[in-house]
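Below you'll find the structure, written out as structure tokens, and then a few comments.
There are 2 protein chains.
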Amino acid sequence: MIRLLAATCAVALLAAPVVAADRVAEAGRLREAALATSAAYPLLESLTTEVGPRLAGSAAEARGRAWAVKAMTAAGLSNVHVEPFALVAWERGLETAEVVGPGAQRLVVTALGRSGATPAAGITAQVAYFADLQALKEAPAGSLKGKIAFIDHHMMRAQDGSSYGANNAVRTQGPAIAAAKGAAATLIRSLGTGNGRDPHTGVTQTPKGQVPGPSGALSLADADQLVRLVSRGPVTLKLVLTPRFTGTGQSGNVVGDLPGSAVPNEYVVIGGHLDSWDLGTGAIDDGAGMAITLAAAKAIKDAGLVPRRTIRVVFWGAEEVGGEGGEAFAAAHKTDAVVLAAESDFGADRVYRVSSRVAETGLPLVAEINRALAPLGIAPTKDNSAGGGADVGPLGALGAGILELEQDGSRYFDLHHTPDDTFDKVDKAQIDQNVAAYAVAAWLAASDERVLRAK
Amino acid sequence: MIRLLAATCAVALLAAPVVAADRVAEAGRLREAALATSAAYPLLESLTTEVGPRLAGSAAEARGRAWAVKAMTAAGLSNVHVEPFALVAWERGLETAEVVGPGAQRLVVTALGRSGATPAAGITAQVAYFADLQALKEAPAGSLKGKIAFIDHHMMRAQDGSSYGANNAVRTQGPAIAAAKGAAATLIRSLGTGNGRDPHTGVTQTPKGQVPGPSGALSLADADQLVRLVSRGPVTLKLVLTPRFTGTGQSGNVVGDLPGSAVPNEYVVIGGHLDSWDLGTGAIDDGAGMAITLAAAKAIKDAGLVPRRTIRVVFWGAEEVGGEGGEAFAAAHKTDAVVLAAESDFGADRVYRVSSRVAETGLPLVAEINRALAPLGIAPTKDNSAGGGADVGPLGALGAGILELEQDGSRYFDLHHTPDDTFDKVDKAQIDQNVAAYAVAAWLAASDERVLRAK
């Protein structure tokens, strides 16, 4: 019934231009139509099944772009195209860790993204334990020579994912710090929650001029095991990690538009990132973001709504390895008037809260969006300092308004960057709610004329 | 307080032999003391940390026996010894599975126990899908030539684990049936619950005279993925499984006694199995059974109680690969008067129900045990036809009475035979409840004189 109603309205709307008073009512119908249509779930099933994992710079990521062009075209977007860019490509090799000596046993490890490699035969070395990153920083220069540094931390489950931000320097900076102090290799407790045996990968950063050392993450259960072993006395590990940098690789952003009727050169950008880590199939990170935002645009199109401003869907490449896609997109479009940008990159669970960063003149429009999202159980915040995430951050730095539809991250870090990031973890009702939220927000922003850009 | 009270009683009891009226009261004190002492948890921590996985016939299983001798001795058992036996040893090799062609991606696979091997370079073959074992059985002879058979099934979560029994022929018999019809290899949906990415191993059986073919289990998430892929059209997989049989290996049962004062040659046998699969650390399967039963015997000893009959703790070797330990123990002790036998081999979650198989004359004693267990939330059943499990089953066949303290298996098959069977999954309060139950049951049976044996 709801879909029929929306379709009827769509016909009426195609016949006459949208007037201001219609916009809010139309947003309500759009919200219900998006909930009823469930378009994101089959898109995500298709992507994660037919393409699977999509490591940045790989042939699989390229297949993901081909999938995306097809999916955007099928959804009725115009101007569908790929904007390619180059990147430093890296791929995973063998990865094993074993305790050597009387308590001989395997530990589950995975290489961090852009990790260096051990010799093919591995290294055998004693573990130096650090309770947190600060303890590692306080270790004297040269004191880790020939050792495997292990960096622990204390990440907790949090709905807003704040504990990830507080701890992720362990992964992004820890290995380079340990290597600079002489460590032969670095292991970290996986940056994640839960107590599974799946390790969490993720990129580690190496300052220019320093050669990346071998670095890996133990699963949370294996990190616990190592802590118990270390508490009993010295532990020696044999570690094999043979990832490699494979030279210059190709990535790309995929773009498609719902063209604006009045000001087509003003853009409301929504999207997610196309690449994923290689261990899972990139369902929650970030196939979900792609499926949610494309389904939202499709819902607007299927309702026959024509926005004043262009709604642009972007699937960024190479987010995981360093945010190259977001940087490349912002650089290529730095003169475009991106009015508002919103990325979905925090799983497929429900949106519970909205924050923004828009010009004063745009706050009444944000309030209007908040009212239209309230029936989905989404609460407004007074926060008008949102950062927007890795892919839209660079657009925000150029002046774009930012909207964050904040998702419930309570279970996100159980799965994030692990082999367990697969389609079966996605809850259909929750992903539908995301689609409705994006459709409503994009429609209200794109059918309005108030200024949202900060500069 | 409770511990002090028990200790005081113990002194009194050491001074005077136990009289019938004391037994039930003593069982109540023992129950509370066992709960308060929490002895199983540190035993299990020690075993799973210091020994880790304990594959039947491996050096690690031998280290497990050394650990067990030490632990039994430290717990105050007498006559602690190993009863060695030989077995056909097998060990895991490489294991990878990948979809070949446009949807190229890895699937997570693990070899089934006692599987044969593919060539080192693997095999590449088309998948033949069977919705269940019956569908495979109905496939014509020779029809699987050159194919990889995939056998699906429909196991469900169940508190009593009944769905495992109903489906496990998929694993134990399926691969040999497929091989007999010409299959180059067999894959099964892991016999388990949940939706993780960890595959569930477990033994597969090959009839005498047939050479074991390569066979493996896909994780539940990967089985779902294969089903989705197969629904789109033919699927070709490249499969590498290189386990090998390593000749005659050594295993053994570890035995320790709390000697009976009146009839030391009558035995109440309690125990768990010492071997585990190699993927996890054998915490719930079956380090927990070892820790529970040893802690129960220790609780009786620490309370200063001296049973009439001998309480014998047995840690069976090589249960997982074919129940060789249980068979060897029964054969070696076929003339022993085992009055009652109870094994703990269903995880570490709480006991919720009791069943038995004892002579009519023993039913009042079982009722007494049930009354003493009721404060732990454990319900009696009228079932007096309990089988007792793989390790005590052979004793039951020789006439021993059987007691089953049935554990809650609701989450057992999420972890069973996977890498995720690790110490962190064990709930301290629940394992304590198990210890109390075993202590009470063993004490009441061993301080009584009623006949329990069926013959």
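The listed protein sequences correspond, in order, to chains B and F. The numbering used here puts the first sequence at residues 38 to 492. The numbering used here puts the second sequence at residues 38 to 492. Cβ coordinates follow ideal geometry from the N, Cα and C atoms, glycine included. Since we're looking at a predicted model, the values are computed, not measured.
For residue 251 of chain F, the closest of F/243, F/101 and F/258 by C-alpha to C-alpha distance is F/243. Residue burial is scored here from C-beta neighbours: residue 110 of chain F has fewer than 16 other C-beta atoms within 10 angstroms and is therefore classed as exposed. Sequence-distant Cβ neighbours of residue 369 of chain F in its own chain, meaning closer than 7 Å and more than five residues away, are 120. Close to residue 87 of chain F, with beta-carbon spacing below 7 Å, are these residues of chain B in chain order: 140.
Contact of residue 280 of chain B with chain F is not assigned, every C-beta pair being separated by 7 Å or more. Secondary structure note for residue 79 of chain F: its alpha helix (DSSP H) is the uninterrupted segment 77-83.
For residue 218 of chain F, no beta strand (DSSP E) run applies, since DSSP gives it neither H nor E.
Look at residue 278 of chain F here: in three-state DSSP terms it is strand.
Think of a sphere of 7 Å around the beta carbon of residue 324 of chain B: no beta carbon from chain F falls inside it, the nearest being about 13 Å out. Linking residue 279 of chain F to residue 345 of chain F through their CA atoms gives a straight-line distance of about 52 Å. By the neighbour-count criterion, in which 16 or more other beta carbons inside 10 Å mark a residue as buried, residue 492 of chain B falls on the exposed side.
Straight across, the Cα-Cα distance linking residue 149 of chain F with residue 185 of chain F is about 15 Å. Comparing alpha-carbon positions, the option among F/62, F/68 and F/435 lying closest to residue 363 of chain F turns out to be F/435. Between the alpha carbons of residue 386 of chain B and residue 458 of chain B lies a gap of roughly 13 Å. Flagged as an interface residue toward chain F: residue 265 of chain B, by a C-beta distance shorter than 7 Å. DSSP places residue 104 of chain F inside the alpha helix (DSSP H), whose first and last residues are 96-111.
Look at residue 233 of chain B: its C-beta is under 7 Å from a C-beta on chain F.
For residue 207 of chain F, the uninterrupted alpha helix (DSSP H) segment begins and ends at 206-209.
Within the same chain, Cβ atoms closer than 7 Å to the Cβ of residue 179 of chain B are found at 218 and 219, the five residues on either side in sequence being excluded.
Residue F/431 holds the alpha-carbon nearest to the alpha-carbon of residue 373 of chain F among F/225, F/80, F/431 and F/237. Residue pairing for residue 118 of chain B: DSSP places it in a beta bridge opposite B/292. Taking all protein chains shown into account, residue 397 of chain B has fewer than 16 neighbouring C-beta atoms within 10 Å of its C-beta and is therefore exposed. Interface annotation, residue 456 of chain F: in contact with chain B, CB-CB separation under 7 Å. Given a length threshold of 4 residues, each whole run of the alpha helix (DSSP H) inside the stretch 120-193 of chain F is given here in chain order: 170-175. Proximity of residue 251 of chain F to chain B, defined by a Cβ-Cβ separation below 7 Å, is not satisfied.
A straight line joining the alpha-carbon of residue 425 of chain F with that of residue 229 of chain B spans about 40 Å. The beta-carbon of residue 90 of chain F is placed less than 7 Å from the nearest beta-carbon of chain B.
At the C-beta level, residue 298 of chain F and residue 350 of chain F stay beyond 7 Å of one another. Segment contact: the stretch 256-268 of chain B against the stretch 303-313 of chain B, fewer than three CB-CB distances shorter than 8 Å; contact not assigned. Residue 307 of chain B has B/350 and B/379 as its beta-bridge partners, per DSSP.
Secondary structure at residue 198 of chain B: coil, using DSSP grouped into helix, strand and coil. Residues of chain B with a Cβ closer than 7 Å to the Cβ of residue 210 of chain F do not exist; the shortest Cβ-Cβ separation is about 27 Å.
Selection F/116, F/74, F/483 and F/93 evaluated against residue 305 of chain F yields F/483 as nearest (Cα-Cα).
The C-alpha of residue 62 of chain B is placed about 11 Å away from the C-alpha of residue 405 of chain B. Contact of residue 461 of chain F with chain B is assigned, a C-beta pair being separated by under 7 Å. At least one beta carbon of chain F lies nearer than 7 Å to the beta carbon of residue 261 of chain B.
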